[in-house]
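Single-structure report; data block below.
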Amino acid sequence: MTTPPAAPIPVWGKLPSAPHEHFTAAKGDLASAFNHSLSGLLVQGSTEMFTVNIENTVVVSLLVALDVALPDKSCIGLVVERDQQDSSSMIAVTSPSGSSLRPDGVLRDQAGGRLLAKWEDKAQGLLDDAVNDLHKKTAIWTPLYYGNIKYLPCFAAAGAKLQFYAILAEGGLTTRPHPMSPTYDLTKPIDRARAVMATVKFYQLLKAQRACYPQYVLPAAQELSAKHPIAGFTRSVYFRTDELTLRKRVVPWERFAAWCGVSLSDMQRLYRSTVGQQGLVHAVRGPSDEEDNTYSVDLAPVGLCSGDALPRNEMEARDMIHGLLHGLAALHKAGFVHRDLRWDNVACCAREPRRWFLIDLECSAAADAEVLTGFQLMGWETGVTLVNGRYTRESDIYQLGRLVEKACERLELSDAAKEFMSALLTRPTQQRSSAARLLSNKWISCVGAACRAAGAQPGER
0 MTTPPAAPIP
10 VWGKLPSAPH
20 EHFTAAKGDL
30 ASAFNHSLSG
40 LLVQGSTEMF
50 TVNIENTVVV
60 SLLVALDVAL
70 PDKSCIGLVV
80 ERDQQDSSSM
90 IAVTSPSGSS
100 LRPDGVLRDQ
110 AGGRLLAKWE
120 DKAQGLLDDA
130 VNDLHKKTAI
140 WTPLYYGNIK
150 YLPCFAAAGA
160 KLQFYAILAE
170 GGLTTRPHPM
180 SPTYDLTKPI
190 DRARAVMATV
200 KFYQLLKAQR
210 ACYPQYVLPA
220 AQELSAKHPI
230 AGFTRSVYFR
240 TDELTLRKRV
250 VPWERFAAWC
260 GVSLSDMQRL
270 YRSTVGQQGL
280 VHAVRGPSDE
290 EDNTYSVDLA
300 PVGLCSGDAL
310 PRNEMEARDM
320 IHGLLHGLAA
330 LHKAGFVHRD
340 LRWDNVACCA
350 REPRRWFLID
360 LECSAAADAE
370 VLTGFQLMGW
380 ETGVTLVNGR
390 YTRESDIYQL
400 GRLVEKACER
410 LELSDAAKEF
420 MSALLTRPTQ
430 QRSSAARLLS
440 NKWISCVGAA
450 CRAAGAQPGE
460 R
């Protein structure tokens with residue numbers, strides 16, 4: 000970070016007096032961006048707002064300009080996110096003292112939402128506090144967020160002081176941020192010029208780091224929201240980085256509950272009844288209905304979703320079905336059915352051997368309950384899934400069979416595997432096997448009470 004870039008830096012305007020040998024006169028958008036980073040007005044003050052303006056002028060706006068200057072196939076597609084701390088967010092993540100645990104700023108790539116870098120801002124004179132926040136807000140480390148990278152680039156700023164750091168992985172936790180540069184005093188022209196050179200190196204580091212991420216990672220420190228087009232409620236999730244949990248909220252809860260026919264007490268009883276079971280996600284805090292009609296729950300473990308969770312061979316297909324059957328068996332024993340069995344609601348642990356589990360339990364309801372008029376979830380097969388207008392345990396098994404059939408359609412399967420999957424696809428009105436009974440099938444080979452084949456073991460993070 001402290002060695003100069005290999006090529007001279009183009010500047011449209013007055014070159015810095017020192018170290019002038021690393022800059023060259025030029026014109027164009029990038030040269031103008033460098034000029035702004037080197038000589039744009041820095042208004043100083045005692046609050047954090049002034050720090051934000053200074054780091055944006057010198058560092059963040061330059062990182063974006065460097066990225067935009069590259070051809071589409073070569074650039075990162077940098078996306079800047081700042082913690083606005085306003086009413087646009089549905090999810091507050093705070094420490095016991097009430098301070099925000101969201102990063103002050105992050106850089107992602109546009110394609111995959113990968114968290115490539117982060118930073119913290121503090122008021123003048125509080126650089127150590129900014130560094131402490133970097134550590135506190137990045138307390139856990141997981142390949143689910145960061146793939147195979149060994150450290151996360153970041154910086155801390157306070158007033159006109161700025162320093163680049165790396166947060167290193169250490170098992171499932173992180174080390175205190177390690178300095179990658181000296182502390183720059185951006186009021187001094189030579190320090191500011193060196194900070195600009197370090198920003199170029201920082202961008203090059205981000206490009207190299209991005210290549211170490213897999214195609215799919217979870218969007219760490221990002222809030223994802225979706226509003227139901229008919230019922231009008233909004234569901235949001237936030238992947239925490241201070242601990243390895245997912246915070247989920249539904250607003251307004253009353254609309255969601257009326258839409259799908261569940262209650263808060265149902266959800267509390269469901270999570271309480273399955274706390275010691277494998278194969279399905281667990282509540283770490285909640286669920287609760289807050290004063291503003293907001294349903295809130297913190298969930299663990301967090302797992303891979305989408306394409307990275309697909310089984311790669313018959314052995315993994317068997318392990319996947321094995322784990323999901325454990326989840327269904329636990330739900331069914333507690334008197335509930337999942338009702339929303341589709342690929343988006345399946346996750347798997349990142350580490351080998353992979354283990355699968357069920358997520359998104361909020362549409363679960365009492366087994367054999369009559370479905371509300373007009374309520375039908377994606378993936379239900381009209382005229383088949385329901386039994387006389389009721390969603391039964393056998394309905395869950397049938398929907399699991401449809402999910403599994405799609406997930407395994409590209410695999411070469413043995414006759415035993417095909418026979419078992421065919422058994423799952425027995426119509427609910429004709430299904431005579433329970434999830435617990437299916438676990439005893441010879442192809443599944445469950446060992447019973449000592450089995451640890453499923454994901455989401457009790458206490459797992």
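Numbering follows numbering that gives the first Met the number 0, with no gaps: position 446 of the sequence shown is 445.
Using N, Cα and C, we set each Cβ at its ideal position, and we do this for glycine too.
Where residue i sits in the DSSP three-state scheme
{"i": "Trp-337", "result": "The sequence shown places His at residue 337, not Trp. It is coil, neither helix nor strand."}
{"i": "Pro-142", "result": "helix"}
{"i": "Phe-238", "result": "strand"}
{"i": "Gln-267", "result": "helix"}
{"i": "Ala-453", "result": "coil"}
{"i": "Asp-85", "result": "Annotation note: pLDDT 49 at Asp-85 (below 50); position unreliable, coordinate value reported separately. DSSP places Asp-85 in coil when its eight states are reduced to three."}
{"i": "Asp-132", "result": "helix"}
{"i": "Leu-62", "result": "helix"}
{"i": "Ala-415", "result": "helix"}
{"i": "Lys-464", "result": "This structure gives no information on residue 464, because the portion of the chain shown stretches from 0 to 460."}
{"i": "Tyr-397", "result": "helix"}
{"i": "Phe-232", "result": "coil"}
{"i": "Ala-365", "result": "strand"}
{"i": "Glu-289", "result": "strand"}
{"i": "Cys-226", "result": "Note on residue identity: the sequence assigns Lys, not Cys, to residue 226. In the structure shown, Lys-226 sits in a strand (DSSP, three-state: E or B)."}
{"i": "Val-57", "result": "helix"}
{"i": "Phe-255", "result": "helix"}
{"i": "Arg-460", "result": "coil"}
{"i": "Leu-327", "result": "helix"}
{"i": "Ser-38", "result": "helix"}
CB contact below 7 angstroms: residue i versus chain D
{"i": "Lys-117", "result": "Of the chains in the structure shown, none is chain D; there is only one protein chain."}
Per DSSP, the bridge partner or partners of residue i
{"i": "Asp-127", "result": "In the DSSP output, where bridge partners are listed per residue, Asp-127 has none listed."}
{"i": "Trp-355", "result": "Cys-347"}
{"i": "Ile-8", "result": "Phe-22"}
{"i": "Asp-120", "result": "Ala-156"}
{"i": "Ala-168", "result": "Thr-173"}
{"i": "Gly-104", "result": "Arg-81 and Trp-118"}
{"i": "Ala-281", "result": "The sequence as given places His at residue 281; Ala does not occur at that position. His-281 is bridged to Ala-299."}
{"i": "Thr-93", "result": "Ser-99"}
{"i": "Phe-163", "result": "Phe-154"}
{"i": "Leu-245", "result": "Phe-238 and Leu-298"}
{"i": "Gly-389", "result": "Checking the displayed sequence, the identity of residue 389 turns out to be Arg instead of Gly. Arg-389 is bridged to Glu-369 and Val-386."}
{"i": "Val-250", "result": "Thr-233"}
Beta carbon of residue i nearer than 7 angstroms to that of residue j
{"i": "Asp-367", "j": "Arg-389", "result": "yes"}
{"i": "Met-0", "j": "Ala-230", "result": "no"}
{"i": "Trp-140", "j": "Ala-122", "result": "no"}
{"i": "Thr-186", "j": "Ala-219", "result": "no"}
{"i": "Leu-37", "j": "Pro-4", "result": "no"}
{"i": "Lys-252", "j": "Asp-307", "result": "Position check: residue 252 holds Trp in this sequence, whereas Lys was assumed. Their beta carbons are not under 7 angstroms apart, which means Trp-252 does not touch Asp-307 by this criterion."}
{"i": "Ala-277", "j": "Ala-449", "result": "Per the sequence shown, residue 277 should be read as Gln rather than Ala. Result no, Cβ atoms of Gln-277 and Ala-449 do not sit closer than 7 angstroms."}
{"i": "Leu-245", "j": "Val-301", "result": "yes"}
{"i": "Leu-223", "j": "Tyr-144", "result": "no"}
{"i": "Leu-279", "j": "Ala-455", "result": "yes"}
{"i": "Ala-165", "j": "Pro-152", "result": "yes"}
{"i": "Leu-461", "j": "Ala-316", "result": "The question about residue 461 has no answer here: the residues shown for the chain are numbered 0 through 460."}
{"i": "Ser-295", "j": "Gly-285", "result": "yes"}
{"i": "Pro-213", "j": "Gly-146", "result": "yes"}
{"i": "Ser-363", "j": "Leu-438", "result": "no"}
{"i": "Pro-102", "j": "Lys-136", "result": "yes"}
{"i": "Gly-349", "j": "Pro-142", "result": "A quick correction: the sequence has Ala, not Gly, at residue 349. Contact: yes."}
{"i": "Ile-148", "j": "Gln-221", "result": "no"}
{"i": "Asp-120", "j": "Val-51", "result": "yes"}
{"i": "Gly-416", "j": "Leu-309", "result": "Here residue 416 turns out to be Ala, not Gly, going by the sequence shown. No."}
{"i": "Asn-34", "j": "Val-63", "result": "no"}
Those runs of the alpha helix (DSSP H) which lie wholly inside the region 178-218 and span at least 4 residues:
Here the runs fully enclosed are 188-209.
With three or more C-beta pairs closer than 8 angstroms as the rule, is the region 376-394 touching the region 422-441?
Contact check between the region 422-441 and the region 376-394: three or more CB pairs, one atom from each, fall below 8 angstroms, which counts as touching.
Touching by the beta-carbon criterion (3+ pairs, under 8 angstroms), the region 173-183 and the region 243-257:
no
Minimum length 3: unbroken beta strand (DSSP E) runs contained in the region 291-321
Listed in chain order, they are 293-299.
Check whether the region 350-363 and the region 316-332 touch, using three or more Cβ-Cβ pairs below 8 angstroms as the test.
yes
Touch test, the region 64-71 against the region 38-51, Cβ-Cβ under 8 angstroms, three pairs minimum:
no
For the region 147-159 against the region 108-127, do three or more pairs of beta-carbon atoms, one drawn from each stretch, fall closer than 8 angstroms, so that the two count as touching?
yes
Does the structure place the region 335-353 close enough to the region 391-399 that three or more beta carbon pairs sit under 8 angstroms?
yes
Given 8 angstroms as the limit, is there contact between the region 106-121 and the region 23-37, that is, 3 or more CB pairs closer than that?
no
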